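Q:
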Amino acid sequence: MELRLLGDVAAWYGGRRVSLGSRQRAVLAVLAFHANRVVSRSDLVRLAWGTGADGPPTTVDRLVTDYVSRLRTAFRQAGGGEQARLIARPPGYLLEVDPALVDWLRFRNLVSHARAARSAGDDADAADLLRRGLGLWRGPALADLDSRSLDPLRARMSDLRLAAAEDFATGELARGGGAEVVELLAELASEHPGREGLAALLIRALHVAGRRDEALAVYQRTRFHLTGHLGVDPAAVLDDAYRSVLHGQAPGPAPPLNRGREVGEGRPAQLPATTAAFTGRQEELAELLTLVPDAATEPRGVVVICAVDGMGGIGKTTLAVHAAHRLADRYPDGCLFIDLHGYTRAVTAVEPGQALPRLLHALGVPAEQIPAEVEDQAALYRSRLAGRRMLILLDNARTAEQVRPLLPADPGCLVLVTSRRRLSTLDEARSVSLDVLSPADATALFSRIAGPGRVAGHPGTIERIIELCGRLPLAVRVAAARLRARPAWTVTHLADRLSDRHGRLAELDDGERGVAAAFSLSYHDLTAEQQRTFRLLGLHPGTETDPYAAAALTGLPLARVGRILDDLLDAHLLVQPAQGRYAFHDLMRAYAADLAQAEDADDVRRAALTSLFDHYLATAATAMDTLFPAGMFQRPRIRAVDSPSPPVLDTVTARAWLDAVRQSLVAACAHAASHGWPGHARRLSATLALYLDFGGHFTDALTIHGHARHAAGICRDWPAEAHALTSLGTSLDGLGRHAQAAEHLEHALVICRAIGFRAGEARALNNLGYVHCRWGHYAQAADYARQGLAIFRETGNRLGQADALDTLGIVHRQQGRYDEAVDHSRHALRLYHELRDPLGKAMQLERLGGIHARQGRYQEAIAHLEQALHLDREIGNRPGEADALNELGLVHRQQGRYATAADHHRQAIELYRKIGSRSGESAALNGLGETLYAVGRPDEARIQHTAALALTLETGDGHEHARAHTGIARIHHAGGALDLARRHWQEALSLYTGLDVPAADEIRSSLTALDQAATAHRRQ
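Residue numbers (the numbering used here): 18 to 1037.
Here it is as structure tokens:
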């Protein structure tokens, strides 16, 4: 496959041209120009369709997809689909291709290598590389496409071609040649009659070739164009070439095209003063400074363009001005500055036709010599900058189109551009996007403005203030200035005022320089549809959203809302924390919410949020039915929604969606419960309970179920309250807070029995059995589980029966009644298998593995545990994964594989800590302690057992508490501290006796042996 842009746009494969329509070629031109880089859909539309009266049709979203698909099909049918791959990658498309297959990229690569060769002093190699590169051109770039929207690409390609041609011709003339470049220079000079350097080279080349009359004619044509069309006299480089021909001087080497020229009104120095309070931004400043030396060291043809972008108030101009002052001495011909007023209240943006005369005047061009047409002004501007080393700061730009005519064509200049938008179509620009300040820099800025005396001794409060300001430089400045201007205020008072979420923006108001005022300039630059989307996004109760949630909020088609989200991202009104996820800065979210409150009617806002909550509920139900189909009948049935839904096709995508939006679901449930959507809160809780527990998201579960209980109480929905209480108890148990878990479960049991809610009663009973098993109340635990099992059988709930059998199996395992435990677990496993419940199956495999380990059936134990571990990881059961790892550690230790055992225990500890399971952590700590003791590392072992002991004192886990004492006693006994050993064994015996487990007999034997040894010692 070969992709050609340097002439007519075409794709060739196997010596045959691929048949493509004009629009397909336009799309190909854009993607091939940016090959191996993502082109956003908005940029693709703007360049391939345009934005004017003849711009894209209303169906452009569908058309973009259609044309890319057609291109992909054409490539595949031609046989080159694998060599040029068109990939959909947010926020647009990527053409993945070997650069050697795109003539434009080959040309750029050859020019780059030629410059490197010239810098290394290898002029012959440089000339050969440039000759090969220029030979790739078959006419003007994109010659067969007449769309003006592609002009920005043409301009970039043409500029590099001209620079390469001038480099090539200069080198040939310097080596005494020149005749071979006449045809090339003549063609380019006819296309660019105002480019004086090119004309001067053509004059010299014609002179070398002995074509004196033609050389003089070139000068006359060029002079006529400059004076007649641009109103300026020829530059010295052109006059010098003319005089050498006129006076019959031997043609010598062409003078360097970047030599300086006189400036009519001296060296411009237009930079604004840098702020005395400039603080931080050292990484960004260093990034800018490292980009700039290229302007001085790279070969000809390079203009360094740095675009600094970011949201309003982020400090773009402050950084750019500070950097410009640091760099000014590298640009001896002066500094130009212009505020383009892209985002200035009550001021129209400065168009190129207004900016260019001001810049030309600063460069010494008299007003009467400035042409009327913008194209002629731009040509004169580039001509006047040719050969100069200048720094140009273009501040507050709105679009790349506003900036492009103000860019120099010749090397030696640095252009700094600031904008609230990402100027992605400035293809050669190096972008520096600003984020909020680091905590340290924000604190330093606040202290510097407020005064060190006002902030001394209040580090915690200052940290709170800067976080309330979102570490946005403008907000930090305004807050600090308010404190400095109000001597009676304390930092605590300021922090308290900023803590009011609804009044925070008002506290950061400073008239035209306040935070809301800065945000409003970006907001008012949006289209009406973009503004509406921005406002409704502000209603989202969470910190992040995605295109599907945005479509639900706005009622817009998915493709359309996706484009708007990308537009808001480009305008720095949103940030993108991860692919496909969008978020507001905290203050921007408050601003959007305030706008929605002010501009959208109550019924509009309520309808938007209802649609959002419906979307979350429906998609969560689909995801849960995909992940846990066996429990489908126990969850509330949720109706489908009309808004677009994400593709939840299998367990992987279902879990990925739930994981990605979990925090949004938590926020949605909280908002729904307290702002008039109690039904959504109750159903979200009941729908998500299993995912939250088996994902180990216990803290989020407490929040969701707590709000559901509150909502159920408001509505006097007793079954829903009982369900929420039971879910709360389960999650509290997962966190090791067993007493609170039992309290909630007992409350749920009372409600269920009072209203005759048998299904809820059985669930509460079984979960109470599990909690009492943790405490070592095995008889009580078994009684609760049997009561639950009876009700489950009575109501025909086979999944509940399996759950109750699981609890009985755990009780009997802890009691050392292994055969009964195996029977219960196998019965439960059979039910889970029949119900096609992978979660239950993994759980029972882990239970059986643990029992077999205690029976000494190690190979069976490992087989079951490894199957369980694989399943747990596949379905995302993090508590189950940690349990399997911990049990595998036990088996490996019993078989003498101590390093493997320790590794498994450590993995389990890390996972238990991540999910907050203190009971699980104590068991794994004890397991690691026993392993370390077995390999002769008693001091490290004691640390693990001591940590487990502390945890079990909090959780009340009797079995692990006794096990920790046993481990510590063993270590003391081995070290000769017999009294300490006796004390810990006695504590363990007291606990084990109460638990009625076989381990009590082992402790009695250890104490008896200890007493006998002590008696024998006294007799000696």
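Ideal Cβ placement from N, Cα and C applies to all residues, glycine included.
Note that this is a predicted model, so its numbers are computed, not measured.
Can you say whether VAL364 is buried or exposed, counting buried as having 16 or more other CB atoms within 10 angstroms of its CB?
A: As a working mapping, residue 364 is identified with position 347 in the sequence shown. Its Cβ having fewer than 16 others within 10 Å, VAL364 is exposed.
Q: What number of angstroms, rounded off, separates the C-alpha of ILE827 from the C-alpha of CYS790?
A: For the purposes of this step, residue 827 is taken as the residue at position 810 of the sequence shown. For the purposes of this step, residue 790 is taken as the residue at position 773 of the sequence shown. Using only the alpha carbons, I get a separation of about 8 Å.
Q: Taking the runs of the alpha helix (DSSP H) that are 4 residues or longer, which of them lie wholly in the stretch 950-1035?
A: Counting whole runs of 4 or more residues, the stretch 950-1035 contains the alpha helix (DSSP H) stretches 955-972, 975-991, 995-1012.
Q: Are the stretch 768-775 and the stretch 799-806 in contact at 8 Å, needing three or more beta carbon pairs?
A: The stretch 768-775, when compared against the stretch 799-806, does not touch it at the 8 Å Cβ threshold.
Q: Do TYR540 and PRO661 have their C-beta atoms closer together than 8 Å?
A: Your numbering for residue 540 matches position 523 in the sequence shown. Your numbering for residue 661 matches position 644 in the sequence shown. No, Cβ-Cβ distance for TYR540 and PRO661 is not below 8 Å.
Q: Is there contact between the stretch 196-214 and the stretch 86-95, where contact requires at least three CB pairs shorter than 8 Å?
A: Segments in contact, no.
Q: Locate the alpha helix (DSSP H) running through PRO896, then write down its first and last residues.
A: Here residue 896 is taken as the residue at index 879 of the sequence shown, counted from 1. That run of the alpha helix (DSSP H) goes 895-911.
Q: Determine the burial state of GLU385: buried for a count of at least 16 other Cβ atoms within 10 Å of its Cβ, exposed for fewer.
A: Here residue 385 refers to the residue found at position 368 of the sequence shown. GLU385 comes out exposed.
Q: Which whole runs of the alpha helix (DSSP H) in the stretch 159-229 are 4 residues long or more, in chain order?
A: Listed in chain order, the complete alpha helix (DSSP H) runs (minimum 4 residues) inside the stretch 159-229 are 168-191, 199-208, 213-225.
Q: Which value, in whole angstroms, describes the spacing of the CA atoms of ILE721 and ALA698?
A: Your numbering for residue 721 matches position 704 in the sequence shown. Your numbering for residue 698 matches position 681 in the sequence shown. Roughly 8 Å separates the two Cα atoms.
Q: Roughly how many whole angstroms lie between the Cα atoms of ARG276 and GLY214?
A: In the sequence shown, residue 276 corresponds to position 259, counting from 1. In the sequence shown, residue 214 corresponds to position 197, counting from 1. Low local confidence applies: a pLDDT of 35 at ARG276 is under 50, so the model's placement there is unreliable, with the coordinate-based value given in what follows. Going by the C-alpha atoms only, they are around 11 Å apart.
Q: At what residues does the alpha helix (DSSP H) containing SER400 begin and finish?
A: Here residue 400 is taken as the residue at index 383 of the sequence shown, counted from 1. It spans 391-402 - the alpha helix (DSSP H) in which SER400 sits, taken as one unbroken run.
Q: Can you give the beta carbon distance from ARG447 to PRO425, rounded, assuming they're within the 8 Å contact cut?
A: The residue given as residue 447 occupies position 430 in the sequence shown. The residue given as residue 425 occupies position 408 in the sequence shown. Between PRO425 and ARG447 the Cβ distance is about 16 Å, and since that is not below 8 Å, they are no contact.
Q: Would you mind stating whether ARG910 and ALA918 have Cβ atoms separated by less than 8 Å?
A: Along the sequence shown, one-based indexing puts residue 910 at 893. Along the sequence shown, one-based indexing puts residue 918 at 901. Closer than 8 Å, so yes.
Q: Since ARG552 contacts ASP617 with CB under 8 Å, what's their CB separation in whole angstroms?
A: Reading the sequence shown from its first residue, position 535 is the one you call residue 552. Reading the sequence shown from its first residue, position 600 is the one you call residue 617. At roughly 6 Å, the Cβ-Cβ gap stays under 8 Å, so ARG552 and ASP617 are in contact.
Q: Only counting the same chain, and skipping five residues up and downstream in sequence, which positions put a Cβ closer than 8 Å to that of PRO157?
A: Locating residue 157 in the sequence shown gives position 140, counting from the first residue. Cβ neighbours of PRO157 beyond the five flanking positions: GLY24, ARG171, SER175, GLU208.
Q: In terms of residue numbering, what span does the beta strand (DSSP E) encompassing SER448 cover?
A: As a first step, residue 448 must be located in the sequence shown, where it is residue number 431. Here the beta strand (DSSP E) through SER448 covers 447-450.
Q: Out of ALA725, ALA414, LEU223, GLU445, which has the shortest C-alpha to C-alpha gap to VAL321?
A: Taking the sequence shown and counting its residues from 1, the one referred to as residue 321 is at position 304. Looking at the Cα atoms, GLU445 is the closest of the given residues.
Q: Would you kindly check if the distance between the Cβ of ALA941 and the Cβ of ILE988 is under 8 Å?
A: Here the question's residue 988 lines up with position 971 in the sequence shown. Here the question's residue 941 lines up with position 924 in the sequence shown. Not closer than 8 Å, so no.
Q: Return the chain-ordered list of same chain residues with a C-beta closer than 6 Å to the C-beta of ALA819, the five sequence neighbours on each side being excluded.
A: The sequence position of residue 819 within the sequence shown is 802, counting from 1. Taken in chain order, the residues that qualify are ALA845, LEU848, TYR849, GLY857.
Q: What is the C-beta distance between VAL35 and ALA117, in whole angstroms, given that I count them as a contact (C-beta under 8 Å)?
A: Residue numbering aside, residue 35 sits at position 18 when the sequence shown is read from its first letter. Residue numbering aside, residue 117 sits at position 100 when the sequence shown is read from its first letter. That belief does not hold up - the Cβ atoms of VAL35 and ALA117 are roughly 18 Å apart, past 8 Å.
Q: Can you give the Cα-Cα distance for MET407 and ARG930, rounded to whole angstroms?
A: To locate residue 407, count along the sequence shown from 1; it is residue 390. To locate residue 930, count along the sequence shown from 1; it is residue 913. Roughly 58 Å separates the two Cα atoms.
Q: Output yes or no for whether 8 Å exceeds the beta carbon distance between THR983 and ILE1020.
A: By one-based count along the sequence shown, residue 983 stands at place 966. By one-based count along the sequence shown, residue 1020 stands at place 1003. A contact, by the Cβ cut-off of 8 Å.
Q: With distance defined between alpha-carbon atoms, name the residue in LEU945, GLY329, SER691, TRP674 nearest to SER537.
A: Position 520 of the sequence shown, counting from 1, holds the residue named residue 537. Minimum Cα distance to SER537 is reached at GLY329.
Q: Are the CB atoms of LEU745 and HIS724 within a distance shorter than 8 Å?
A: Within the sequence shown, the letter at position 707 stands for residue 724. Within the sequence shown, the letter at position 728 stands for residue 745. The answer is no: Cβ separation not under 8 Å.
Q: Could you give the distance in angstroms between the alpha-carbon of GLY38 and the alpha-carbon of TRP29?
A: The residue labelled residue 38 in the question sits at position 21 within the sequence shown. The residue labelled residue 29 in the question sits at position 12 within the sequence shown. Computed Cα separation, rounded: 14 Å.
Q: List the residues that DSSP assigns as beta-bridge partners of ALA324.
A: In the sequence shown, counting from the first residue as 1, residue 324 sits at position 307. In the DSSP output, where bridge partners are listed per residue, ALA324 has VAL434, SER448.
Q: Check whether the stretch 446-465 and the stretch 481-500 are in contact - that is, three or more C-beta pairs closer than 8 Å.
A: Contact holds: three or more Cβ-Cβ distances are below 8 Å.
Q: In or out: GLN41 buried (at least 16 other Cβ within 10 Å) or exposed?
A: On the sequence shown, position 24 is the one that residue 41 refers to. The residue is buried, with at least 16 neighbouring Cβ atoms inside 10 Å.
Q: Whether or not the stretch 777-791 and the stretch 807-817 are in contact is what I'm after, with contact meaning three or more pairs of Cβ atoms, one per stretch, closer than 8 Å; do they touch?
A: Flag = yes, the stretch 807-817 and the stretch 777-791 touch.
Q: Going by CA-CA distance only, name the one from ARG471, ALA496, GLY470 that's closest to ALA482.
A: Position 465 of the sequence shown, counted from the start, is the residue given in the question as residue 482. The sequence given here has Ile at residue 482, not Ala. If we check each option's Cα against that of ILE482, ALA496 comes out closest.
Q: For a minimum of 4 consecutive residues, which ranges assigned as the alpha helix (DSSP H) are wholly contained in the stretch 527-557?
A: Fully enclosed alpha helix (DSSP H) runs of 4 or longer: 532-540, 545-554.
Q: For the ligand COA, I want to know if GLN911 counts as a neighbour, meaning its beta carbon is within less than 7 Å of at least one of the ligand's heavy atoms.
A: Only the bare structure without any ligand can be found here, which leaves the ligand COA out of the picture.
Q: What is the rounded straight-line gap between the Cα of HIS962 and the Cα of ALA981?
A: Locating residue 962 in the sequence shown gives position 945, where the first residue counts as 1. Locating residue 981 in the sequence shown gives position 964, where the first residue counts as 1. When rounded, the distance between both Cα atoms is 5 Å.
Q: Can you name, in chain order, every residue of its own chain whose Cβ lies under 8 Å from the Cβ of ARG503, other than the five neighbours on each side?
A: The residue you call residue 503 lines up with position 486 of the sequence shown. For ARG503, where only same-chain residues beyond five positions count, there are no Cβ hits under 8 Å.
Q: Locate the beta strand (DSSP E) running through VAL592, then write down its first and last residues.
A: Your numbering for residue 592 matches position 575 in the sequence shown. Element bounds for VAL592: 592-595.
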